[in-house]
Amino acid sequence: RLVEVRSSGSSSKIDVTAIVGRTMERCVSSALENSWFVVDLKERQVIPSNYTLRHYASYDTEALRNWRLEGSNDGVSWTSLMVHKNDEALNFRGSSHTWAIPEQGRSFSQFRVFQYGPNSNAHHYLALSGFELYGSFVDAPGAVRERPADYLDGLVDDMKEKLEISSHEPADDRNVIKLRPKGDHFGTQGLVYYLGSNGLTTPWANPVDRGLIVVRSSSVMGDSTDMKAICGREIVRCVTRPEKNSWIQLQFLSVRVRPTHYSLRHYDSWDTEALRNWRLLGSIDGSNWKVIRDHQQDAHLEKKGSAHTWDLECSSFLTHFRILLTGVNSNNHYYLSCSGFEIFGDVVTSADTNQQSVQSSSSVSPVPSSPAPARGGTAFEHSSDFDTHGILYYFGTQRRTQQWRNPADLGFVEVSSSTLMADSAPISAIVGREVVRCVTLPASGVWMNVRFKDHFVRPTHYTLRHYSSWNTEALRSWKLLGSNDNENWVILVEHKNDVSLNEKGASHTWSVNCARYYSSFRLSQTGPNSNTHLYMACSGFEIYGSLLAPDEVLTFSSRKNEKSEFVRIDDETRTVWNSGASDAWQSARSTTPLSAAKSLVHHFDILIVNSPKTSNSWSFIAGVVPSGFICSGSKQWLGSQKSWGFIGGTGGKVHDVGKCTSYGKPWGQAGDLVSCTIDFGKRFVEFFLNGFSQGIAFTNFKTSDGLVYPGISFTAKGARVKFVRRIDSAPAAVSGGAILVAGDSPVSVDPPSAKQQWDGSLLSMHMTLDDSMGVVYNRGSDDMWQIALSKETFDSGRCSFEVEIVNDAHTSNNWKYIIGAVPAGFDPHMSCWIGSQRSWGYIGATGGKVHGQGKSANYGAKFKGCDRITVQLDFNKGTLEFLKNGASQGIAFKDVTGPVRAAVSITGANTSARLTL
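Numbering (the UniProt record's numbering), first residue to last: 1 to 917.
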């Protein structure tokens, strides 16, 4: 017998293993609410793509209508993979149906069919005589079935081990709202209308005004209606300035949607200027975008106010949507005119969260793993000219902890230029906040330069401001250039006869289409100014986008055999370079390993700083090496000696053999960011290029000692790379949640002690560590759980630690936050709430305690922001006790075993917490 099956209870005489059998049987549970079957693949994990169910043999009725397919790796924390509500696919005895499972990017060993509502006969029997699963084994390369050819070709049928069905507590429902277009393009069936009418319960109001959608754009014409009109019901003049790559973006704050259709409406000014060439892009984080539909010479919008609806193919749940202009409009201009946007599809609301089932964020909405490098960092986004969201402002406020000062005076940037006029303000004025007279001598090719000291920017927008002296002498023809060595420059934006700056002190912001990171930015004038002179006048520069800094944990090793002969290392800047080896491979690895004992999942980022020419077609290899890897001899390149590599010049992958296997996109230019995720538990390695996943590279990842080292191989003399981390645009967390703007008084923040450190590698997706403040904070997760774990572990005697909620932000979650202790092997990427994975927690908003399941048990007093929660552990007695502001709440648990880590789980965006050991 290949399969053992148990269920929540069976009323039939047939063994319930029939659900994984090949014949149609009478296989049915007792008539109990929340009935379920669980299939446990034990040591095997599957990334699912599709699954099939078959109704039983007895009656056409009693068929499934309301159920969830769920996945788990511990049988306690369940992730909702697909929710079926009034699904009528199964209609008669023996009928079967196959569903595509939304992309998760995660693997599971256990799968549960959980019936949360009545069947087709209004009963609670769970009748099922067939279950099949499709996808890929994470530990069996090649066992991939992208699309099932028929019901008989699945993973369960392939299994040669015994499958077991086991029982666990059921989780609560997650509602999926299905919105589909009917008739009118802008009727009442779409998501924008649904939000504006509070779920069709109140008179409609613009959802932007209700705080449910945020609208941004690359620019706005001076006579345009506010861009929020794109979410409105009226036909108005809503249009950007005529710029290449113009865009309008919507961010849904309370829901995620898997889109099936979308509608656009032309503005009311002219029949012309209508969209012809554009893309609809989608994102889960607002930084990394996927193309949902590409329109080329699409002529559906022909008259002012005309509308059209397009169907979409998208398997991801998304929160951000962008209309990106990719070519001229119907009048051969670059205006982006749009007076209406509506979207339809499957919608998941974060408001459905309740504490009877505190799952990880992926349990609420089936979303793919974030394509951004996993060490986090949201982009610095432009909202208005010289706002407080730019990168130079960030440095001017010393990472938003002090009153603003010129960042050049603070030493964060260096500024330089061609020779200035004698009466000009210093060149540092271009990174200032005031309108002054800053101008060069009149000469051909004059320039102004801003260099970030050991930081790198992937720009999305930049802003310039004209000087204070005259309305004339304004820039007209110039280039924005980027570089990492101040010698080799790349054109990022070129302006020819650009008339955006017309008055003294006038400013304008332009979008930048750039995939790479640079440390230096140069404004180079290429033609006469507005007064036909060669003066270059500029009194303000700001830049927006993603920001990188040196990694604070990873360094390259200088020990013998851990770097090649010609490798040189700068520990201060985390940089390594090739001093010359005649295009022969040179390699370097990190000083400290990534350890499975510390965390099952690790992430790191490597930036290509300089990339000279080389005769070697592979050029670079980035990846991880095992403990025994030696950086010398004839095989010292990553991919040899049982290491795993991502090849630069070809985009291929390599493992333990000198052959390139097709994989991703080529890389290796200066400014390329290569990121890597390794998962010891699921045994895979995944690479990212400039924020975009290249897919799972290896599914055979395993080491004998549970250790690997990030590494790099290169051939060109002068090639230079460094370990980096992304800096988050969210404000630093200070007492009371204050955010400094120009003119504020600085907030005094006590510097953290050396032990006030969370572990930056043990954070969930939307959690960010600010080492300078000693705090972790949630940069925004739609009120879903996020978690942070300590570096330190505790396993003997009596010990304690203290956690303080520093910034207590609003959340719809009625537990708000949990403080406690988790087993040392707790996986923050599997579930994000303390209490799961056999951890122990004290709940803020209820005062309850939680362990092993999503239920709050009565315990102590509620706590809130600025309360100090002490956790006292006594491993001699196996007890855990919580103290609120020094007052004991009593013994909470008597079954604690080590080793454990300190932990905090939070839900509200910008909620932050500090740890003291």
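Cβ atoms here follow ideal geometry from the backbone N, Cα and C, with glycine treated the same way. These numbers were taken from a predicted model, which means no experiment stands behind them.
| Query | Result |
| --- | --- |
| Candidates 870, 892, 887 and 884, of which the one nearest residue 928 by Cα | Here the chain covers residues 1 to 917 and nothing more, so residue 928 does not appear. |
| DSSP-derived helix/strand/coil call for residue 722 | strand |
| Contiguous beta strand (DSSP E) assignments of at least 3 residues, all confined to the stretch 823 to 857 | 840 to 843 and 849 to 851 |
| Cut-off 7 Å between Cβ atoms - residues of its own chain near residue 310, not counting five sequence neighbours on either side | 261, 262 and 293 |
| CB-CB length for residue 542 against residue 412, believed under 8 Å | The Cβ separation is near 14 Å, so there is no contact. |
| Residue 336 in three-state terms, based on DSSP | coil |
| When 95, 304 and 110 are compared against residue 76, the one with the closest alpha-carbon | 110 |
| Assigned secondary structure, residue 394 (DSSP; H/G/I helix, E/B strand, else coil) | helix |
| Residue 178, buried or exposed, once every other Cβ within 10 Å from all chains shown has been counted against 16 | exposed |
| Residue environment, residue 719, which counts as buried when at least 16 other CB atoms sit within 10 Å | buried |
| Coarse secondary structure for residue 170, derived from DSSP in three states | Legend: pLDDT at residue 170 = 25, less than 50; position of this residue unreliable, no value from coordinates given. |
| Between the CA atoms of residue 127 and residue 9 - distance to the nearest angstrom | 12 Å |
| Best match in 525, 91, 499 and 884 for proximity to residue 55 [C-alpha to C-alpha] | 91 |
| Nearest-angstrom Cα separation, counted from residue 912 out to residue 807 | 5 Å |
| Any chain D beta carbon closer than 8 Å to residue 450 | Annotation note: the requested chain D is absent from the structure, which comprises a single protein chain. |
| Classification of residue 362 by the beta-carbon crowding that lies within 10 angstroms, buried from 16 upward | Any reading at residue 362 must be qualified, since the residue scores a pLDDT of 27, below 50, and its modelled position is unreliable; no value is offered. |
| Span of the alpha helix (DSSP H), counted from its first residue to its last, around residue 196 | 191 to 196 |
| Residue 866 burial status per 10 Å Cβ neighbour count (16 or more: buried) | exposed |
| Which of helix, strand or coil DSSP assigns to residue 579 | coil |
| Cut-off 7 Å between Cβ atoms - residues of its own chain near residue 94, not counting five sequence neighbours on either side | 24, 54, 55 and 57 |
| For residue 230, the nearest candidate out of 267, 564 and 422 (CA to CA) | 267 |
| Straight-line Cα distance separating residue 404 from residue 428 | 14 Å |
| Nearest-angstrom Cα separation, counted from residue 224 out to residue 295 | 25 Å |
| Exposure of residue 434, with buried meaning 16 or more beta-carbon neighbours within 10 Å | exposed |
| Residue 659 versus 677, 635 and 675, residue with shortest Cα-Cα distance | 635 |
| When 59, 671, 234 and 474 are compared against residue 442, the one with the closest alpha-carbon | 474 |
| Nearest neighbour of residue 888, chosen from 810, 863 and 571 [CA to CA] | 863 |
| Inter-residue Cα distance where the pair is residue 162 and residue 19 | Caution applies to residue 162, whose pLDDT of 30 falls short of 50 and renders its modelled position unreliable; the model cannot decide the point. |
| Per-residue burial, residue 491 [other beta carbons within 10 Å of its own, 16 or more giving buried] | exposed |
| Three-way DSSP call (helix, strand, coil) for residue 290 in this model | strand |
| Close Cβ partners of residue 648 (< 7 Å) along its chain, the five nearest in sequence each way excluded | 618, 619, 620, 621, 666, 667 and 668 |
| Reference residue 776; option with closest CA among 727, 482, 608 and 638 | 727 |
| Own chain partners of residue 207 with C-beta closer than 7 Å, once the 5 adjacent residues on each side are dropped | 192, 195, 196, 213 and 231 |
| Rounded straight-line distance, which links the Cα of residue 707 to that of residue 593 | 6 Å |
| Simplified DSSP assignment, three categories, for residue 64 | coil |
| Rounded straight-line distance, which links the Cα of residue 610 to that of residue 446 | 25 Å |
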